[in-house]
Amino acid sequence: MVMDYPSPLPGVIIFVHGVNSTGEWFDTAEEGLCRGLNARLQRKDEHVFRVKGSGQLKPARYMGELTEDGYIHDDLSAATFVADGGYSPVIRFRWGYKASPKEANREGGNILLDEKNAWGGGPFVNGCSALPDLFAKGTDAELIFGALSLTHLQTSDRQVYSAPARHYQAFAAWRLAKLVSRIRELHRQINHCGTTNQDCPITIVCHSQGNMVGITSAYFGAYHPEFKGLGVADNYVLACAPYSLRDNKIDGSTQYDKALNQGRVTVAARQAGLRGFFDIVRHFGEDRAQHYAPDFVTEWAFNRNPQNGEAACTAEQDCKGRDTRARAFLYCSPHDRVISVSTVQGMGWLGLDKADFNAVGAQGMLYQRVWAEVKPGIAYKVGAAPGTAYHYWNHTIGANPETNIFWDPDSERVSVQFRKIWGDDRKSWGGKTLGSIFGFFAGTGSLIASVFSNISKVNGVPPKDWVVHINAPEVPSTGITPRARRLPHGTGELKAGETRSPDGHILGPFNVHYESARDALNRKREFPKDSDPYAAQRPTGHGNAQSEAAMRYDQNAGLRQRARRHAYDEEGKLNKDAPFNDQDIQKMDAARHHELRGTALGNYIESQRIKQFEEGDRQQPSNHSTILTNPEHAEHVLAYDVDVGVCLFDAQDMAQFRRMADWRWCKPQPRNGDEYPAGRDPAKDNEYEYYHSEQATLEGKPLEEDPRFVESKGAVAAIQIPGERYVRPPMPEPPLHSGG
1314 MVMDYPSPLP
1324 GVIIFVHGVN
1334 STGEWFDTAE
1344 EGLCRGLNAR
1354 LQRKDEHVFR
1364 VKGSGQLKPA
1374 RYMGELTEDG
1384 YIHDDLSAAT
1394 FVADGGYSPV
1404 IRFRWGYKAS
1414 PKEANREGGN
1424 ILLDEKNAWG
1434 GGPFVNGCSA
1444 LPDLFAKGTD
1454 AELIFGALSL
1464 THLQTSDRQV
1474 YSAPARHYQA
1484 FAAWRLAKLV
1494 SRIRELHRQI
1504 NHCGTTNQDC
1514 PITIVCHSQG
1524 NMVGITSAYF
1534 GAYHPEFKGL
1544 GVADNYVLAC
1554 APYSLRDNKI
1564 DGSTQYDKAL
1574 NQGRVTVAAR
1584 QAGLRGFFDI
1594 VRHFGEDRAQ
1604 HYAPDFVTEW
1614 AFNRNPQNGE
1624 AACTAEQDCK
1634 GRDTRARAFL
1644 YCSPHDRVIS
1654 VSTVQGMGWL
1664 GLDKADFNAV
1674 GAQGMLYQRV
1684 WAEVKPGIAY
1694 KVGAAPGTAY
1704 HYWNHTIGAN
1714 PETNIFWDPD
1724 SERVSVQFRK
1734 IWGDDRKSWG
1744 GKTLGSIFGF
1754 FAGTGSLIAS
1764 VFSNISKVNG
1774 VPPKDWVVHI
1784 NAPEVPSTGI
1794 TPRARRLPHG
1804 TGELKAGETR
1814 SPDGHILGPF
1824 NVHYESARDA
1834 LNRKREFPKD
1844 SDPYAAQRPT
1854 GHGNAQSEAA
1864 MRYDQNAGLR
1874 QRARRHAYDE
1884 EGKLNKDAPF
1894 NDQDIQKMDA
1904 ARHHELRGTA
1914 LGNYIESQRI
1924 KQFEEGDRQQ
1934 PSNHSTILTN
1944 PEHAEHVLAY
1954 DVDVGVCLFD
1964 AQDMAQFRRM
1974 ADWRWCKPQP
1984 RNGDEYPAGR
1994 DPAKDNEYEY
2004 YHSEQATLEG
2014 KPLEEDPRFV
2024 ESKGAVAAIQ
2034 IPGERYVRPP
2044 MPEPPLHSGG
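Counting in our numbering, the sequence shown runs from 1314 upward without gaps.
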């Protein structure tokens, strides 16, 4: 039979971003994934009878969210944020932190916020490596009784101060579980040829801190009564996960809470938490999932008569040697400089060695892929036949076991930045002096330590015998050499091993070259005379309107942070001599930022903009998003790791889920065709309140008062997350002395 009908979607694939992010990898990953799934399902141009209406997958297209100057478009809304739904299985899950006006003044001097007093993924510093931390306090960046802060040790342009509690991350996990549960409930209501109560495949692709949200959502989905056990996906792709199984004394000391006499989550609890997650996914697949039979999937999802003469693929053939249901994939990279920092050392950097693999019960459940550039002469591809034992020191390019240097270029050393101490507007003259004194001794100690060990390095080093056994199934291409995709830097000349893509990006080895904020500037943009704040740097830019807007969005948030830190104290009170206040700062938006020219705030911004820009002029590459920002990786590998089957949702259903997945646009629209499972009240879908309420509340209360999201209120135990933390033993009592 000629394929002349629109084949249904092959499932739902949910992308989940991390901290300090709005999903910088979403576009490229969705583009590559649709291409790869068209190949897997034989829906490419040469396969189908006619391209239009065949069921060929096409990425959704989203409205540009930012003006050229990096402000949020005024006409961005629930009705406009998706410009064209395409024909895509991808749903983009967006989450973040929202500050109340009081929090904006108090916390806004510590963290990045946009003109909505919100930030995608929340502050960078609030990433974590254990599940219970999503329900607890945020990162405490104060050191030596507040004399120093982590930002005073930063060589990058990041301003790293203490962050708010992470309850918003637990809330994000709740929303994700609710989304998965809603998808299952609605799909089971669909009557297809007399058949009901069937699931569509759901894969969750997580990046960075999105892994912690994704794994926690499985616990909510399995054990919170709201979701009736249906909030669990069929497949999880865990890319660059910060989840850590390592014992870490440095992290333990920084997490210690004297009032509670507890600190870091124990290694045993971390192992049990990952084991519990694998059990949840395994048991859902065995006991709860209700998927269509393979013959039905073959008939409806696969092309029964490819027009180019290829033999038709069946669902059973597709699964042979590559069972993606009730499975998880771990994507790790030895080049990741974010997940490898000394206080984290997550499995997205190290992967799991044999001991870890056994300790967390990953047998028959977890597939591992190592995304790496290897030393010359070593044959290695990602997606090749399983069986490779990847040795981190022997295989990874640049790693030298003789000198004990793993990184190329070598990891930066923690060093005290005295200019940042003296440039901190919230420190008095005495505080700056004290910080400098402590900084001198801390810096000297760090320098001495670096001579004898790696203890003062920003990034960790793997154990000398660290080996990851790659067991993920082979992909049809028999594997690819991973390549980083990035903007050109400096003169833009190609270096060894690099090529230029049609969109102007560089494709090449994992990046070892320094990067700069100026790389994102659009050199073709024209300005009226003397009105371009980046006029001197613009000729060295290699970006376009989109990349510059994204860079300026970050820069604008940094300027708001500096302005609030200048005008408000740690309690959020306006300083007596403050030349501007938050009402002025709120004018930093698309409609009103021009009004600030010549004002006290406008002059302050002008003085700080280039200073901030220059601080980001020489950055070590992170290689943190490399796996998902190259569409070829998604096309040739990820597309074969996601679960596929039959999904009968139409365009209106997918539009509803895309709104529900976005914390900004998730208000129900029952009058506009949104569907609801039997017994579900749209009025209880109130999660939109957090972003849209001025006080950042849910059901009229701040998140820290909601028992679902607070560790001290029993939230962790309620959904069976292992939560044991280390405690310090009590100090011995002094001996009693007898009188006389």
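The beta carbon of each residue, even a glycine, is placed where N, CA and C say it ideally should be.
Cutoff 6 angstroms; reference Ser1413; Cβ partners in own chain excluding five residues on either side: Once the five neighbours on either side are set aside, the close Cβ partners of Ser1413 are Gln2008, Ala2009.
Glu2000 burial status per 10 Å Cβ neighbour count (16 or more: buried): Looking at its Cβ environment, which holds 16 or more other Cβ atoms inside 10 Å, Glu2000 is buried.
DSSP-derived helix/strand/coil call for Ser1320: Of the three classes helix, strand and coil, the one that applies to Ser1320 here is coil, per DSSP.
Rounded C-alpha distance that separates Ser1334 from Phe1437: Rounded to the nearest angstrom, the two C-alpha atoms are 9 angstroms apart.
Three-state class that DSSP yields for Trp1276 in the structure shown: The structure shown does not extend to residue 1276, since the chain is modelled only from 1314 through 2053, so no value can be given for it.
Option nearest Met1901 by Cα separation, candidates Glu1884, Asp1890, Lys1633, Gln1868: Measuring C-alpha to C-alpha distances from Met1901 to each of Glu1884, Asp1890, Lys1633, Gln1868 identifies Gln1868 as the nearest.
Simplified DSSP assignment, three categories, for Ser1766: Confidence at Ser1766 is low in this model, with a pLDDT of 47, below 50, so its placement is unreliable and no value can be given for it.
For Arg1348, three-class secondary structure by DSSP: Three-state DSSP puts Arg1348 in a helix.
Through-space distance from Lys1997 to Thr1393, alpha-carbon basis: Going by the C-alpha atoms only, they are around 24 angstroms apart.
Three or more C-beta pairs below 8 angstroms linking the region 1532-1545 and the region 1592-1605: With a cut-off of 8 angstroms, the region 1592-1605 and the region 1532-1545 count as touching, because enough Cβ pairs lie within range.
Boundaries of the alpha helix (DSSP H) in which Asn1869 is found, first to last residue: Where Asn1869 is concerned, the enclosing alpha helix (DSSP H) stretches over 1858-1880.
Rounded straight-line distance, which links the Cα of Ala2028 to that of Pro1445: So the alpha carbons of these two residues sit roughly 9 angstroms apart.
Counterpart residues of Phe1642 in DSSP-defined beta bridges: Val1550, Tyr1680, per the DSSP bridge assignment.
Classification of Ser1442 by the beta-carbon crowding that lies within 10 angstroms, buried from 16 upward: Under a 10 Å Cβ-count criterion, Ser1442 is classified as buried, with 16 or more other Cβ atoms of the shown protein chains found around its own Cβ.
Residue environment, Met1660, which counts as buried when at least 16 other CB atoms sit within 10 Å: By the 10 Å Cβ count, Met1660 comes out buried.
As assigned by DSSP and simplified to three states, the class of Tyr1532: DSSP, read as helix, strand or coil, puts Tyr1532 in helix.
Collapsed DSSP secondary structure at Val1325 in the structure displayed: DSSP places Val1325 in strand when its eight states are reduced to three.
Strand pairing of Lys2014, partner residues [DSSP]: As computed with DSSP, Lys2014 is found in a beta bridge with Leu2011.
Per-residue burial, Val2040 [other beta carbons within 10 Å of its own, 16 or more giving buried]: Taking all protein chains shown into account, Val2040 has fewer than 16 neighbouring C-beta atoms within 10 Å of its C-beta and is therefore exposed.
Ala1585 versus Thr1794 - alpha carbon distance: A direct Cα-to-Cα measurement between Ala1585 and Thr1794 gives close to 34 angstroms.
Pro1477 versus Leu1573: straight-line alpha-carbon distance, rounded: Between the C-alpha atoms of Pro1477 and Leu1573 there is a straight-line separation of about 18 angstroms.
Distance between Val1651 and Asp1723 (C-alpha atoms, nearest Å): CA-to-CA, the gap between Asp1723 and Val1651 works out to about 14 angstroms.
Classification of Ile1691 by the beta-carbon crowding that lies within 10 angstroms, buried from 16 upward: Of the other Cβ atoms in all chains shown, fewer than 16 fall within 10 Å of the Cβ of Ile1691; this residue is therefore exposed.
Integer Cβ distance of Asp1954 from Val1403, believed to fall under 8 angstroms: Asp1954 to Val1403, Cβ: 14 angstroms. No contact.
Rounded C-alpha distance that separates Ser1521 from Ala1554: Straight-line Cα distance between these residues: approximately 5 angstroms.
C-beta contact flag for Pro1372 and Glu1343 at 8 angstroms: Yes, these two residues count as a Cβ contact at 8 angstroms.
Distance between Asp1930 and His1465 (C-alpha atoms, nearest Å): Because the pLDDT of His1465 is 43, which lies under 50, any placement of that residue in the model is unreliable, and the number read from its coordinates should be weighed accordingly. Whole-angstrom Cα-Cα distance: 18 angstroms.
For His1480, the first and last residue of its enclosing alpha helix (DSSP H): 1480-1502 is the extent of the alpha helix (DSSP H) around His1480.
Nearest-angstrom Cα separation, counted from Ala1431 out to Leu1481: Note on residue identity: the sequence assigns Tyr, not Leu, to residue 1481. The alpha-carbon atoms of Tyr1481 and Ala1431 are separated by roughly 11 angstroms.
Segments of 4+ residues assigned as alpha helix (DSSP H) that fall wholly inside the region 1407-1452: As far as the region 1407-1452 is concerned, its whole alpha helix (DSSP H) runs of at least 4 residues are 1414-1420.
Residues sharing a beta bridge with Arg1798, DSSP: Leu1820, per the DSSP bridge assignment.
Assigned secondary structure, Phe1597 (DSSP; H/G/I helix, E/B strand, else coil): Correct three-state label for Phe1597: helix.
Cβ pair Leu1379, Tyr1866 closer than 8 angstroms: The answer is yes: Cβ separation under 8 angstroms.
Opposing strand residues paired with Leu1543 [DSSP bridges]: Listed as beta-bridge partners of Leu1543 by DSSP are no residues whatsoever.
Whole-Å CB distance - Trp1779 paired with Tyr1705, under 8 angstroms assumed: At roughly 4 angstroms, the Cβ-Cβ gap stays under 8 angstroms, so Trp1779 and Tyr1705 are in contact.
Simplified DSSP state of Gln1575, which is helix, strand or coil: If DSSP states are grouped into helix, strand and coil, Gln1575 belongs with the strands.
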